[in-house]
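S.K.: Quick one: this structure, given as structure tokens, is what I'll be asking you about.
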Amino acid sequence: MNSSRFRWSEPFVVFSFLMVLKINLAWFVIFGAANVIPFLVVSIPSVWVLFGLIEWLAVKRKLLFYMLANLITTSIYFAAIMYYKYYGVIVNYKALQQAKQVVQVKASVFDLMHPHYLLIYLDIVILLGVFLWSKKSRTWGKTQSPIARKGIPVILSVSLLTCLMTVWSNRGIANELKQAEQMGILNYQVYTVFANMRKEEPIPVDLDTIRELKNIEWKEDEDRVYWKAAEDKHLIVVQLESFQNFLIGLTVNGQEVTPVLNRLVEQSLYFPKVYQQVGQGNTSDSEYMSNTSFYIPAGGAASEVIGHKEIPSLPKLLKEKGYRSATFHTNSVNFWNRMEMYPALGFDQYYDREFFGDEDPIAFAASDEVLYNKAAAEIADLVREGDRLYAQVISMSNHHPFELPEDKHRIEIPDKYKETLVGNYLQAASYADYALGLFIDRLEEEAVRSQSVIVMYGDHMGLPIYSLDGPEREYMEELLGKPYEYVDMLNIPLLIYAPEIVEPGVVDHLGGHVDIMPTIANLMGVSLKDHIHFGQDLINYTSNLLPERYYLPSGSYISDDFIFIPGVGVEDGEVYPLAGYEETASVQERDYERALRLLELSDSYLQQLPDRDRGEQADE
Numbered sequence: 001m002n003s004s005r006f007r008w009s010e011p012f013v014v015f016s017f018l019m020v021l022k023i024n025l026a027w028f029v030i031f032g033a034a035n036v037i038p039f040l041v042v043s044i045p046s047v048w049v050l051f052g053l054i055e056w057l058a059v060k061r062k063l064l065f066y067m068l069a070n071l072i073t074t075s076i077y078f079a080a081i082m083y084y085k086y087y088g089v090i091v092n093y094k095a096l097q098q099a100k101q102v103v104q105v106k107a108s109v110f111d112l113m114h115p116h117y118l119l120i121y122l123d124i125v126i127l128l129g130v131f132l133w134s135k136k137s138r139t140w141g142k143t144q145s146p147i148a149r150k151g152i153p154v155i156l157s158v159s160l161l162t163c164l165m166t167v168w169s170n171r172g173i174a175n176e177l178k179q180a181e182q183m184g185i186l187n188y189q190v191y192t193v194f195a196n197m198r199k200e201e202p203i204p205v206d207l208d209t210i211r212e213l214k215n216i217e218w219k220e221d222e223d224r225v226y227w228k229a230a231e232d233k234h235l236i237v238v239q240l241e242s243f244q245n246f247l248i249g250l251t252v253n254g255q256e257v258t259p260v261l262n263r264l265v266e267q268s269l270y271f272p273k274v275y276q277q278v279g280q281g282n283t284s285d286s287e288y289m290s291n292t293s294f295y296i297p298a299g300g301a302a303s304e305v306i307g308h309k310e311i312p313s314l315p316k317l318l319k320e321k322g323y324r325s326a327t328f329h330t331n332s333v334n335f336w337n338r339m340e341m342y343p344a345l346g347f348d349q350y351y352d353r354e355f356f357g358d359e360d361p362i363a364f365a366a367s368d369e370v371l372y373n374k375a376a377a378e379i380a381d382l383v384r385e386g387d388r389l390y391a392q393v394i395s396m397s398n399h400h401p402f403e404l405p406e407d408k409h410r411i412e413i414p415d416k417y418k419e420t421l422v423g424n425y426l427q428a429a430s431y432a433d434y435a436l437g438l439f440i441d442r443l444e445e446e447a448v449r450s451q452s453v454i455v456m457y458g459d460h461m462g463l464p465i466y467s468l469d470g471p472e473r474e475y476m477e478e479l480l481g482k483p484y485e486y487v488d489m490l491n492i493p494l495l496i497y498a499p500e501i502v503e504p505g506v507v508d509h510l511g512g513h514v515d516i517m518p519t520i521a522n523l524m525g526v527s528l529k530d531h532i533h534f535g536q537d538l539i540n541y542t543s544n545l546l547p548e549r550y551y552l553p554s555g556s557y558i559s560d561d562f563i564f565i566p567g568v569g570v571e572d573g574e575v576y577p578l579a580g581y582e583e584t585a586s587v588q589e590r591d592y593e594r595a596l597r598l599l600e601l602s603d604s605y606l607q608q609l610p611d612r613d614r615g616e617q618a619d620e
């Protein structure tokens, strides 16, 4: 071949072609559109910047650097695919920093990993094999045609300029999915690094501003329904793993999936219109929000981002009223940095894997039966010591991918549901419900139940829409009698069980995780009049607006009428009606701006909190 002519076998061309294939795969899985051309237009320049730098700077080890660049970019695309399948969002460098948590949820990761996704690494394996077995192949690309030598600087310059213009023109998009789509995944990764380096000036945060943004009419404590109704009672909060509200009242083959909760709903204040607001930390984020009434911080799990802070919280407020606090979780306290979060929240004691052991394991910890049995006994002992008690109990067995031993199955599901995510979820949720019933019974036996307010809520979804294949979506439609949508996915149950104190009934008020703490505070007689919080008491309700983050893109919010998810802006956003939606309701740009402003205020307030004395730790 004439050396003056451009060679299609140049490493630059071959590796560019391989990256086009990988970009196509990521685009199809994440964005689902048939037309990949727009994504290639914004994605290829970022690849060419890398390859252009290699051609320009790596003279002696060009092939090694191409392979490294291929491996790194492939891994970013693979991580983006897997992260989207689990969380429904675009991965960034902060999420990748939490890769150590993947070891704990590896069963979930493997369950979502379709074998064909691994084909994204096939070229790397083949090329590596060729280079190891053939010495001649290692000289590939060492010579460069004159056209390539002259063309690479031009391609590098144009590609770099294109990347900068693409990032700059899309930097104002709030929706991270749309931002990554418009920028390209690699450009988006670089953008998030520089965006998070920018330090924001602190913003003054006060309750009047929060109430104005949420259109809340403040009521004086003494004017509230059920104010101090549970004063001096013990408080037991049960956080139900992966529990969605559609499970309540659901029957399969004529069997109740959750007979215990169905019974408790009839004896409780039941809030069917509550929606999750957690982020990357999932369960740990739910623990944090239900104890603080703050939104999850930007950039990671709350326990990781602000675990070093002195966080205003329910345990601290109750301590002022003479309460002792303890939290129970069968996993290791190191998981999601809980060894920092628990003292930051002011818990006096924690009970983790060391206390519960590995008896009767389900998922990656002792079963809910073990959790509830040992927790109930310990709660009874603490109560007998004479202190008023706040105990938070974190269930675990209903954890993705919801694989239970057969002897734990409580219901018989249709054959077609077996060995599917939907079928596994129904079995695991039914077992979790059964174990919860044992807990309530044990508290009754210990004479603790009648002295307590028991609050139960779901921590986050169990069945992400983006994780369900075609048949599984059909199964969900069969179960619900309608298509399975965001409204169903994000909806979690909230119950307050205290029949001696509150009148049972359905409270059809819009709420989220941030509203749990103020609702409890009202019952316990804990005044939040001068305490910064972003939720509200759902019993004494006026109106609500739920800003969403992470599982829905920034700028999303839930109102009384619908879930709104922005596109590039408000105009191209999507609306998902809630039950009782009125056709007259419409998306207002002011609501979008209010949602973003509330998140901004919460972030700023959290950043301004003082650092905690790290010598103060909760007792084990």
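In terms of the UniProt record's numbering, the sequence shown opens at residue 1 and continues consecutively.
We put the CB at the ideal spot given by N, CA and C, even for glycine.
If you're wondering where the values come from, they're calculated on a predicted model, not measured in any experiment.
(1) Hey, could you find the ends of the beta strand (DSSP E) Gly458 is sitting in?
(2) Which of the three DSSP states is assigned to Thr327 in this structure?
(3) Hey, how far is the Cα of Arg166 from the Cα of Tyr188?
(4) I need the straight-line Cα distance from Phe78 to Val89, nearest angstrom please.
(5) Rank Gly52, Gln276, Leu601 and Ile126 by C-alpha distance to the C-alpha of Met461 and give the top, closest one.
(6) Could you name the residues of the same chain whose beta carbon sits closer than 7 Å to that of Glu320, not counting the 5 residues immediately before and after it, in chain order?
(7) Among residues of its own chain, excluding the 5 on either side of Lys106, which ones have a beta-carbon nearer than 8 Å to its beta-carbon?
(8) Specify, as a first and last residue, the run of the beta strand (DSSP E) that Gln239 falls within.
(9) Since Arg338 is in the alpha helix (DSSP H), which residue starts that stretch and which ends it?
(10) Among the candidates Glu472, Ser395, Asp530 and Val453, whose CA atom is the shortest distance from the CA of Tyr434?
(11) Identify whether Asn491 lies in helix, strand or coil by the three-state DSSP scheme.
(12) Based on the DSSP output, what are the partners of Val575 in its beta bridges?
(13) Measure the C-alpha to C-alpha separation of Arg388 and Arg324 and round it to an integer number of angstroms.
(14) What is the DSSP secondary structure of Phe6, reduced to helix, strand or coil?
(15) Between which residues of its own chain and Lys219 is the CB-CB distance below 6 Å, once the five residues before and five after are set aside?
(16) Can you tell me whether Phe51 is helix, strand or coil according to DSSP?
(17) What first and last residue would you give for the alpha helix (DSSP H) that runs through Tyr605?
(18) Does the stretch 591–603 come close enough to the stretch 555–569 to have 3 or more Cβ pairs within less than 8 Å?
(19) Closest to Ile440 by C-alpha separation, out of Val393, Ile72 and Glu478, would be which residue?
(20) Pairing CB atoms from the stretch 242–256 with CB atoms from the stretch 543–550, are three or more of them under 8 Å?
(21) Which two residues bound the contiguous alpha helix (DSSP H) that contains Gln392?
(22) Please report the distance separating the alpha-carbon of Asp469 from that of Ala447.
(23) My understanding is that Gln607 touches Pro343, with C-beta atoms under 8 Å, so please give their C-beta distance in whole angstroms.
(24) May I have the straight-line CA-CA distance separating Asp368 from Asp208, to the nearest angstrom?
(25) How is the alpha helix (DSSP H) around Phe439 delimited, first residue to last?
(26) Between Leu240 and Asp459, is the Cβ-Cβ spacing less than 8 Å?
(27) Using the three-state DSSP reduction, which class does Lys309 fall into: helix, strand or coil?
(28) Please name the residue, chosen from Cys163, Met82, Lys60 and Tyr83, that lies closest to Ser46 on a Cα-to-Cα basis.
(29) With a CB to CB cut of under 7 Å and the five nearest residues on each side skipped, what residues in its chain are close to Tyr93?
(30) Locate the beta strand (DSSP E) running through Gln179, then write down its first and last residues.
(31) Pick out whichever of Lys529, Val370, Met524 and Gly569 has its Cα sitting closest to the Cα of Asn232.
(32) What separation, rounded to the nearest whole angstrom, lies between the Cα atoms of Phe31 and Asp488?
(33) Using the beta-carbon count (16 or more within 10 Å), is Pro11 buried or exposed?
(34) Just to confirm my understanding: we take Lys178, look at its own chain, exclude 5 residues before and 5 after, and list those with CB closer than 6 Å. What are they?
(35) Quick one: Cα of Leu318 to Cα of Arg224, how far?
(36) Please look up how many angstroms separate the CB atoms of Pro401 and Leu421, rounded, as I've assumed it's under 8 Å.
M.R.: Well, looking at it:
(1) Against the sequence shown, residue 458 aligns to sequence position 458. Ser452 to Gly458 is the extent of the beta strand (DSSP E) around Gly458.
(2) Here residue 327 refers to the residue found at position 327 of the sequence shown. Residue state, collapsed to three classes: strand.
(3) Taking the sequence shown and counting its residues from 1, the one referred to as residue 166 is at position 166. Taking the sequence shown and counting its residues from 1, the one referred to as residue 188 is at position 188. Before going further, note that residue 166 is Thr rather than Arg in the sequence given. Thr166 and Tyr188: Cα-Cα distance of roughly 10 Å.
(4) As a working note, residue 78 is residue 78 in the sequence shown. As a working note, residue 89 is residue 89 in the sequence shown. Approximately 13 Å, taken between the alpha carbons.
(5) The residue you call residue 461 lines up with position 461 of the sequence shown. Nearest C-alpha to Met461: Gln276.
(6) As a working mapping, residue 320 is identified with position 320 in the sequence shown. Around Glu320, the same chain offers no residue with a beta carbon nearer than 7 Å, after the five sequence neighbours per side are excluded.
(7) As a working note, residue 106 is residue 106 in the sequence shown. Note on Lys106: pLDDT 48, under 50, position unreliable in the model; no value is reported.
(8) Here residue 239 refers to the residue found at position 239 of the sequence shown. First-last of the beta strand (DSSP E) with Gln239: His234 to Leu240.
(9) As a first step, residue 338 must be located in the sequence shown, where it is residue number 338. First-last of the alpha helix (DSSP H) with Arg338: Arg338 to Leu345.
(10) As a working note, residue 434 is residue 434 in the sequence shown. Nearest option by C-alpha distance: Ser395.
(11) By one-based count along the sequence shown, residue 491 stands at place 491. Looking at Asn491 - three-state DSSP - the assignment turns out to be strand.
(12) For the purposes of this step, residue 575 is taken as the residue at position 575 of the sequence shown. In the DSSP output, where bridge partners are listed per residue, Val575 has Phe564.
(13) Numbered from 1 along the sequence shown, position 388 holds the residue referred to as residue 388. Numbered from 1 along the sequence shown, position 324 holds the residue referred to as residue 324. Approximately 6 Å between the Cα atoms of the pair.
(14) Residue numbering aside, residue 6 sits at position 6 when the sequence shown is read from its first letter. With a pLDDT of 48 at Phe6, under the threshold of 50, the modelled position of that residue is not reliable, and the figure given next carries that caveat. Here DSSP, grouped into helix, strand and coil, assigns Phe6 to coil.
(15) In the sequence shown, counting from the first residue as 1, residue 219 sits at position 219. Only Asn540 meet the Cβ criterion.
(16) Taking the first residue of the sequence shown as position 1, residue 51 is located at position 51. In the structure shown, Phe51 sits in a helix (DSSP, three-state: H, G or I).
(17) Within the sequence shown, numbered from 1, the residue matching residue 605 stands at position 605. From DSSP, the alpha helix (DSSP H) with Tyr605 extends over Glu589 to Gln608.
(18) With a cut-off of 8 Å, the stretch 555–569 and the stretch 591–603 count as touching, because enough Cβ pairs lie within range.
(19) The residue given as residue 440 occupies position 440 in the sequence shown. Closest by C-alpha distance to Ile440, out of Val393, Ile72 and Glu478, is Val393.
(20) Judged by Cβ distances under 8 Å, the stretch 242–256 makes no contact with the stretch 543–550, as fewer than three pairs qualify.
(21) The count along the sequence shown starts at 1 and reaches residue 392 at position 392. Here Gln392 belongs to no alpha helix (DSSP H); instead the beta strand (DSSP E) covers Arg388 to Ile394.
(22) For this step, residue 469 is matched to residue 469 along the sequence shown. For this step, residue 447 is matched to residue 447 along the sequence shown. Whole-angstrom Cα-Cα distance: 47 Å.
(23) Along the sequence shown, read from residue 1 onward, the residue named residue 607 stands at position 607. Along the sequence shown, read from residue 1 onward, the residue named residue 343 stands at position 343. Between Pro343 and Gln607 the Cβ distance is about 19 Å, and since that is not below 8 Å, they are no contact.
(24) As a first step, residue 368 is located in the sequence shown; it is residue number 368 there, counting from the start. As a first step, residue 208 is located in the sequence shown; it is residue number 208 there, counting from the start. Cα-Cα distance, rounded: 42 Å.
(25) Looking up residue 439 in the sequence shown gives position 439. Counting along the chain, the unbroken alpha helix (DSSP H) around Phe439 starts and ends at Leu421 to Glu445.
(26) Counting from one through the sequence shown, the residue named residue 240 turns up at place 240. Counting from one through the sequence shown, the residue named residue 459 turns up at place 459. Taking 8 Å as the Cβ cut-off, Leu240 and Asp459 qualify as a contacting pair.
(27) Your numbering for residue 309 matches position 309 in the sequence shown. Strand at Lys309.
(28) Taking the first residue of the sequence shown as 1, we reach residue 46 at position 46. If we check each option's Cα against that of Ser46, Cys163 comes out closest.
(29) As a working mapping, residue 93 is identified with position 93 in the sequence shown. Leaving aside the five residues that flank Tyr93 on each side, the residues in its chain whose CB is nearer than 7 Å to its CB run, in chain order, Gln189, Thr192 and Val193.
(30) Taking the first residue of the sequence shown as 1, we reach residue 179 at position 179. No beta strand (DSSP E) holds Gln179; the alpha helix (DSSP H) holding it covers Glu176 to Met183.
(31) Taking the sequence shown and counting its residues from 1, one reaches residue 232 at position 232. Per the sequence shown, residue 232 should be read as Asp rather than Asn. Closest in alpha carbon position to Asp232, among Lys529, Val370, Met524 and Gly569, is Met524.
(32) The residue given as residue 31 occupies position 31 in the sequence shown. The residue given as residue 488 occupies position 488 in the sequence shown. Rounded to the nearest angstrom, the two C-alpha atoms are 21 Å apart.
(33) Your numbering for residue 11 matches position 11 in the sequence shown. Of the residues assessed, Pro11 falls on the buried side of the cut-off, its CB having 16 or more other CB atoms within 10 angstroms.
(34) In the sequence shown, counting from the first residue as 1, residue 178 sits at position 178. Within the same chain, Gly567 and Val568 come within 6 Å of Lys178 by CB-CB distance, once the 5 residues on both sides are set aside.
(35) The sequence position of residue 318 within the sequence shown is 318, counting from 1. The sequence position of residue 224 within the sequence shown is 224, counting from 1. Cα to Cα, the separation comes out at about 19 Å.
(36) Within the sequence shown, numbered from 1, the residue matching residue 401 stands at position 401. Within the sequence shown, numbered from 1, the residue matching residue 421 stands at position 421. That belief holds up - the Cβ atoms of Pro401 and Leu421 are roughly 7 Å apart, short of 8 Å.
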